[in-house]
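Chains as they are written, first to last, in numbering that gives the first Met the number 0: chain F, 0 to 112; chain E, 0 to 112; chain R, 0 to 112; chain G, 0 to 439; chain W, 0 to 439; chain C, 0 to 439.
Please read the structure below before turning to the comments.
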Amino acid sequence: MKLVIAYIQEDRLDHVLDVLTKAELHRVSVTNALGCGAQLGYSESYRGARKRVNLLKKIRLEIAINDDFEERTIDAIKEGCQTGKIGDGKIFVLELPRCVRIRTGEEGPEAIG
Amino acid sequence: MKLVIAYIQEDRLDHVLDVLTKAELHRVSVTNALGCGAQLGYSESYRGARKRVNLLKKIRLEIAINDDFEERTIDAIKEGCQTGKIGDGKIFVLELPRCVRIRTGEEGPEAIG
Amino acid sequence: MKLVIAYIQEDRLDHVLDVLTKAELHRVSVTNALGCGAQLGYSESYRGARKRVNLLKKIRLEIAINDDFEERTIDAIKEGCQTGKIGDGKIFVLELPRCVRIRTGEEGPEAIG
Amino acid sequence: MYKYATWLLAAAAAGYALVSSSPAAAAEAEALTTEQVLFVANNAWMLLATFLVFIMHLGFSALEIGLTRSKNTVNILFKNFLIVAIGLLTYAGIGFSLMYPGEDFAGQFFGFAGLGLTAPANGMTLEYASGGYTYWTDFLFQGMFAATAATIVSGAVAERIKLSSFLVFSTLFVSLAYPIVGMWKWGAGWLDAAGFHDFAGSTIVHSVGGWGALAGIIVLGPRIGKYVDETIRPIPGHSMPMATLGAFLLWFGWFGFNGGSVLSASPADISLVCVTTSLAAAAGVMGASVTSWFIQKQPDLSMALNGALAGLVGITAGADVVSPGASVIIGAIAGVVVVCSVIGLDKARLDDPVGAVSVHLVCGIWGTLAVGIFGEGKDFIAQLTGVAATGAFCFPVAYALMRGLKATIGLRVSEEEERQGLDHSEHGMESYAGFQIINP
Amino acid sequence: MYKYATWLLAAAAAGYALVSSSPAAAAEAEALTTEQVLFVANNAWMLLATFLVFIMHLGFSALEIGLTRSKNTVNILFKNFLIVAIGLLTYAGIGFSLMYPGEDFAGQFFGFAGLGLTAPANGMTLEYASGGYTYWTDFLFQGMFAATAATIVSGAVAERIKLSSFLVFSTLFVSLAYPIVGMWKWGAGWLDAAGFHDFAGSTIVHSVGGWGALAGIIVLGPRIGKYVDETIRPIPGHSMPMATLGAFLLWFGWFGFNGGSVLSASPADISLVCVTTSLAAAAGVMGASVTSWFIQKQPDLSMALNGALAGLVGITAGADVVSPGASVIIGAIAGVVVVCSVIGLDKARLDDPVGAVSVHLVCGIWGTLAVGIFGEGKDFIAQLTGVAATGAFCFPVAYALMRGLKATIGLRVSEEEERQGLDHSEHGMESYAGFQIINP
Amino acid sequence: MYKYATWLLAAAAAGYALVSSSPAAAAEAEALTTEQVLFVANNAWMLLATFLVFIMHLGFSALEIGLTRSKNTVNILFKNFLIVAIGLLTYAGIGFSLMYPGEDFAGQFFGFAGLGLTAPANGMTLEYASGGYTYWTDFLFQGMFAATAATIVSGAVAERIKLSSFLVFSTLFVSLAYPIVGMWKWGAGWLDAAGFHDFAGSTIVHSVGGWGALAGIIVLGPRIGKYVDETIRPIPGHSMPMATLGAFLLWFGWFGFNGGSVLSASPADISLVCVTTSLAAAAGVMGASVTSWFIQKQPDLSMALNGALAGLVGITAGADVVSPGASVIIGAIAGVVVVCSVIGLDKARLDDPVGAVSVHLVCGIWGTLAVGIFGEGKDFIAQLTGVAATGAFCFPVAYALMRGLKATIGLRVSEEEERQGLDHSEHGMESYAGFQIINP
Ligand SMILES: Nc1ncnc2c1ncn2[C@@H]1O[C@H](COP(=O)(O)OP(=O)(O)O)[C@@H](O)[C@H]1O
Ligand SMILES: Nc1ncnc2c1ncn2[C@@H]1O[C@H](COP(=O)(O)OP(=O)(O)O)[C@@H](O)[C@H]1O
Ligand SMILES: Nc1ncnc2c1ncn2[C@@H]1O[C@H](COP(=O)(O)OP(=O)(O)O)[C@@H](O)[C@H]1O
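Take a look at the structure:
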């Protein structure tokens, strides 16, 4: 199994969830995040003094999948988030050796979905 | 070492922390999250228009443990969060090759606790 | 590649970002978190009743790096966050088999930075 | 805003009921007397007081949401907003008529002058209330008071009561129990005859609400998670800024609550009342802050806020008959009392999220009795009688209503609804959409 | 606060224009007449009303931010804060003079008494307004009204309009369109002559603003993400506490809006007006709550708030000429209407984040027509004429202004700016720095 | 609220001190004179003004928390809430007596009429203040002013001062420094004799507070992290809605601050004062907005808010003696000045989180001098004298107090406490429990 982590733009969230659903990926966890990367920050002005803001608002997705869903998931995230502009985000894929469904105690591939 | 990630119901947080403490698991990190899964969302009505809410409020736990604590941790989370109702949540266990305590620079199993 | 996760004190955030930047680590993701660990909680009093607060405010960093940056990253975090006081935090390093830049579709070490 | 009316001056002074403003009728107005002008000033003051009492409802709403969790905020706001509407409408329908039946209809314990509002023939003239205000002003000022009694209950039962049951309870309580007790004193009933003094309602308004609150929290029981095993687990309110805003607005509104209860703009009276009111509130803040600093080791803002309200409730019965010095003592004691009461109720496992019982009932009683101590020529026994009679009537009535609701449509939301929060289960709405909040 | 002035009493009563307070001049004041004292009371009442209308701007601001997203909050606050300033300054510059040109300058459709404020010789005396108020009070009360019309537009076009374009629009709208229409009725123009009755401005203020709002949302189009494919995707407001605070303050301020529109402190009039105003608001809350409970299955707090405002707008035209009973009916219908209108506009894909068109235009029309139904001796046709004439003038003017701005400096922010939020793109500032918020 | 009192009318008019309301005494009241009725109207106006000044304290609280971080919010609210209480109680105890010693006790520089409040024999009659108000009203209005001066300091020293030290400082400052300076002018002292004009306290209230604020930020030093190496790192406030609410309420309250300073309801005076006050505030908003838009490239809401306050402080000295035109100029300049001052103080590394020094001290000085420029027959040198004398007294006193506290109980919290936030270290309480906030 794999654990897919993705950082995406805040305003792509609704769209990427739609695309994931269409790809039959119904399980996702979402967290707010702040990120700095290739995307330049901006500078704000507060009471006359300038302030560099390098941490931009991002959304973090975490999706546990079975191995055969890996490409599908990555494609769905790309489809949902790719605009070609700097800041589109990153996908990180980790090995997931174990997964447990709390409700039933099921483990492994059956517990993912 | 292992890194245990769990998504649980918000109202189980206090309880699961109690259970973990009893199991001598004193180190936990907690983050707010939104999740969609088997649990159906609900629909809200705002100013006369219906709105599907699929992202439900969840809590994300992250617990780094030594290998021999794995079962104990999973059991504690199950005990603290299992209600048998859809939405109880998931546990994901990752391999954790390295762990560092910032304060002392200690590494490995000693740094976990 | 590696995925470095660190829990640090809230007030070290600005400093650690400065240090990371100096170490040419420009990509970081940040999330709010609550943590319990060796650091003792405190007790609050609300309307005459005492309340134990064990979950302290923390910051969670997530940094994906190429293998040869591992020590540098850990050193930078240590430098930025070590005060010698309990609560300084932890660093967890995971294996990161795959990384994708959404914007370009690039994969692997090129996609990290 | 038609600006070229030449009849304005005459009409205003003559004080006719210009419902269909008839310049012709007003034109014949004779020379303007000083009494007529005084009537204008008095009436304007009374309306100002009415507006201030109105804004207390925002104060209550803000205080209540501030001291409770964000998952029940929409519900509390909805309840408080509706109560103002329900209070005014039912008071127009029957309450006013029950509370001030007038000489023709009054008994000692009960009277009713009929449904709805009908301005008496002299309702717009000097005669109606010795030139203090018109019939309409009278109704509106009293109507704003009425809703207050129901709102007091709202805070105590927050975070677990069913919306529909609360609305039924409030409607009945505010349209029946409140005006009946009110009539005993202000409607020239038996308590008034007994020499009971309650200037602006430490008992008649605040204790009445407080008894309802007490009945409510007894029948409902505590919020889930408040008392676990042997320990009290405080449930912190989600917004101290809102709570503080609420307390400030309540103090602000109290100038109208007490200042308007003079029922005229008599300079000596209204200024004394505003001074005693302010000093009692200030002393209440100090009393509660010092007490909480001492007991809790750190000064608790929510207690300071409760202290102000305690001082205000405490002075309400005697604001017109005690000296400023006495008002400081009354307020300071109220401040100490409220902190002890909040802690004591918690020990007794009576869960009152905002301290409504401590503020309105306990300090309402203290304030009423204090009149017997500090008020020149006031009778302590009469004060005690008033306190006891109100409790003896209001608590059973409120308790019976609550039990009745529990037995029929149910009083409390389900455990699951309570855990999710009433905003979700009762309204399907979020109070702070988008904000990431951990609400265990 | 120089306390030892012995001339105060005399001076106040004499009502002289003591701009450079000259004790000498005042000293000769003869015996104080009752008319002079009445003047003092009336004028104080009018200023109280002015202050209350002022605080409505805080009410509007809070309501608007409460019902929109946190990423546009700074922008909305900035707009609303500036509008008060712009409204007052332009009204001082030309608006007052356009709206109340006075007999010498008035036409039936247009008049202008010159730039700036110049107190007439009798401006501080009884003569100026039959002893109701001074020239300065007159200006300030009217000036506070003026800004209201522009603020109404603000809510409807929120979250997507360019700041600069909005400021240009508002400035023109409030300094030209508003006073010109206002003059037709309150400046003794043709509508007034036609027997049109609009007590405090259901049409003259609220509909004027409402027409501007309607034009705005038509020209601007909906917010991104509101209407996707065939579905309506509601965009929840980020703070129900702020929205509720806003509604309470608006109701509070409305006592001044309507109460001050009596233009004196005439007891019968102001108390009747305050009663009809309150009862209509209360009935509006009930009407909207019940309707929304019925349609949406759960009671929607934002609809209850809109219901109060709907009742208030509805009663504004006839608060002085309808009975309290009629005011309940007018308010209740307004409450039902506003819920249907909000839902209907959404179906028509007209995106009005705060319901400004439904509250101010739709209920403004209803309230104006209701005068023809419930107001004794009022002419339905005259009411209809007023409604139609206002629409026929304001909508095209607002529409043309909006189109003009669109064609020149642009009316709407870019898609990217809208997605990021106007706080970021227009102000480079966060509304709640540090708070973790997911704002899709 | 006993409604059947027949003595009300007579009693009110006679203006007796009805502390223990004696119908008998009042019954003998002869015919009601116009002066007596005017007294009723004046006194009611003064109390209205008092209420409005009271609500400014909510305005200050909201502004201060809005412009600071959420981790210090409970602390700021607690300070502001207590200050009102402390201010009123100490003013009752000694302040009033120091500030208005009366002819018998007054020196030119100092006077004291004894501890506590004792209404003089004529305190409730026309004689006391030429029929403007009663003794109680006098005390309460002045008492509300007193607390203001201390509250001004609160904002400047926020986020780092120790709670206990702040309370000691405030108590001494408000009970001694403020009334002594106040006496120089308003208590008929030497500044008054010198022809100094300060209508409602640009200098006597605002600068006094401003000097205290300046001393505070000098002795305390900046917040950790504000000035790092060569750069200024702005620390954004956590709630723009609260800051805006605060500014609106301050403007609202200022109608009482200035309007009440007329000390009667004289129509010409109070209406002029309200107009100049409003126009100066509006011009201040525009001045600050345009300046900040120009300097910062984007319009800064917090500067617009400061602009309104700058205009208000600026007009406070001369609201009664300048024309509306001049008030626009005074306000606009104040708006420009405040923005430059905020930026300048930051360059000088004086850390004032809310801009209190810029608003209250700098614009207080500007406003006082402006009277010498725009006020007919006013002496610029006298104005300068007043400004200089106030500074020469208040700054050293405040500085010495701050240094004294620093040397004894300590003035500033520890670095760790400051990093954690004072809500945690001083109160053990969260301002927004459950909300996820990143507060670096
Ligand atoms: N190496 C990394 N480690 C952790 N987070 C990263 C990393 N690279 C990117 N991110 C996250 O992804 C977001 C977008 O990345 P960015 O480099 O700005 O754009 P792009 O991926 O288009 O080059 C960042 O704001 C950050 O949250
Ligand atoms: N495959 C997954 N990937 C990421 N998060 C998941 C996954 N499955 C479940 N979750 C998280 O766990 C929560 C509960 O899961 P859900 O499927 O609703 O209940 P259950 O585990 O009882 O079947 C979800 O809301 C989501 O946050
Ligand atoms: N084993 C662990 N699993 C998850 N999080 C941990 C673990 N140990 C520490 N943390 C996180 O790191 C924070 C600091 O750890 P703590 O033990 O208090 O201090 P120190 O690392 O100095 O001993 C904790 O609050 C928690 O968020």
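The beta-carbon is built from N, C-alpha and C at its ideal position, and this holds for glycine as well.
{"query": "7 Å Cβ cutoff, residue 40 of chain E in contact with chain F", "result": "no"}
{"query": "Pairwise C-alpha distance: residue 55 of chain F and residue 81 of chain F", "result": "17 Å"}
{"query": "Pair within 7 Å by beta-carbon distance, residue 69 of chain C and residue 205 of chain C", "result": "no"}
{"query": "One or two residues paired with residue 31 of chain R in a DSSP bridge", "result": "R:58"}
{"query": "CB contact check: residue 13 of chain R to chain C, cutoff 7 Å", "result": "yes"}
{"query": "Buried or exposed by the 16-neighbour rule on C-beta atoms within 10 Å, applied to residue 121 of chain W", "result": "exposed"}
{"query": "Counted within 10 angstroms of its Cβ, other Cβ atoms place residue 227 of chain W as buried (16 or more) or exposed", "result": "exposed"}
{"query": "One or two residues paired with residue 8 of chain R in a DSSP bridge", "result": "R:57"}
{"query": "Residues of the stretch 44 to 58 of chain E whose Cβ lies closer than 7 Å to any Cβ of chain A, in chain order", "result": "You won't find chain A in this structure, because its protein chains are F, E, R, G, W and C."}
{"query": "DSSP-derived helix/strand/coil call for residue 30 of chain C", "result": "coil"}
{"query": "Residue-level contact to chain F via CB, residue 22 of chain R, 7 Å cutoff", "result": "no"}
{"query": "Contact with chain E by residue 395 of chain G, beta-carbon distance below 7 Å", "result": "no"}
{"query": "Under 8 Å (Cβ pairs) to chain C, residues found in the stretch 25 to 36 of chain R", "result": "29, 31"}
{"query": "Beta-bridge pairing of residue 82 of chain E - partner residues as DSSP gives them", "result": "According to DSSP, residue 82 of chain E bridges with nothing at all."}
{"query": "DSSP-derived helix/strand/coil call for residue 431 of chain G", "result": "coil"}
{"query": "Closer than 7 Å to chain W by CB, residue 162 of chain F", "result": "A question about residue 162 of chain F goes unanswered here, because the residues of chain F that appear run from 0 up to 112."}
{"query": "8 Å Cβ cut-off: residues of chain F touching residue 61 of chain E", "result": "Chain F residues near residue 61 of chain E: none, gap ~11 Å exceeds 8 Å."}
{"query": "Selection of the stretch 73 to 98 of chain E by Cβ proximity to chain R, strictly under 9 Å", "result": "93, 94, 95, 96, 97, 98"}
{"query": "Cα-Cα separation, residue 12 of chain E to residue 420 of chain G", "result": "16 Å"}
{"query": "Residue 244 of chain C burial status per 10 Å Cβ neighbour count (16 or more: buried)", "result": "buried"}
{"query": "Below-7 Å beta-carbon distance, residue 42 of chain G vs any chain W residue", "result": "yes"}
{"query": "Beta strand (DSSP E) segment containing residue 332 of chain C, residue limits", "result": "Premise fails: residue 332 of chain C lies in the alpha helix (DSSP H), 323 to 346, not in any beta strand (DSSP E)."}
{"query": "Cutoff 8 Å; reference residue 248 of chain W; Cβ partners in own chain excluding five residues on either side", "result": "54, 55, 57, 58, 61"}
{"query": "Counted within 10 angstroms of its Cβ, other Cβ atoms place residue 22 of chain W as buried (16 or more) or exposed", "result": "The predicted model places residue 22 of chain W with a pLDDT of 42, which falls under 50 and marks its position as unreliable; any figure quoted below should be read in that light. It counts as exposed."}
{"query": "7 Å Cβ cutoff, residue 48 of chain W in contact with chain G", "result": "no"}
{"query": "Counted within 10 angstroms of its Cβ, other Cβ atoms place residue 306 of chain C as buried (16 or more) or exposed", "result": "buried"}
{"query": "Top-ranked residue by Cα proximity to residue 380 of chain G, from G:324, G:99, G:190", "result": "G:190"}
{"query": "Cβ neighbour criterion (16 or more within 10 Å) applied to residue 42 of chain E", "result": "exposed"}
{"query": "Per-residue contacts from residue 427 of chain G into chain E (C-beta, under 7 Å)", "result": "43, 44"}
{"query": "For residue 2 of chain E and residue 52 of chain F, the rounded distance between their alpha carbons", "result": "32 Å"}
{"query": "Residue 94 of chain R, enclosing beta strand (DSSP E) - first and last residue", "result": "88 to 94"}
{"query": "Any non-hydrogen atom of ligand 3 within 6 Å of residue 87 of chain R CB", "result": "yes"}
{"query": "Test item: CB-CB of residue 275 of chain C and residue 321 of chain C under 7 Å", "result": "yes"}
{"query": "Continuous beta strand (DSSP E) stretch holding residue 296 of chain C: start and end", "result": "Counting along the chain, residue 296 of chain C falls outside any beta strand (DSSP E), and DSSP gives it neither H nor E."}
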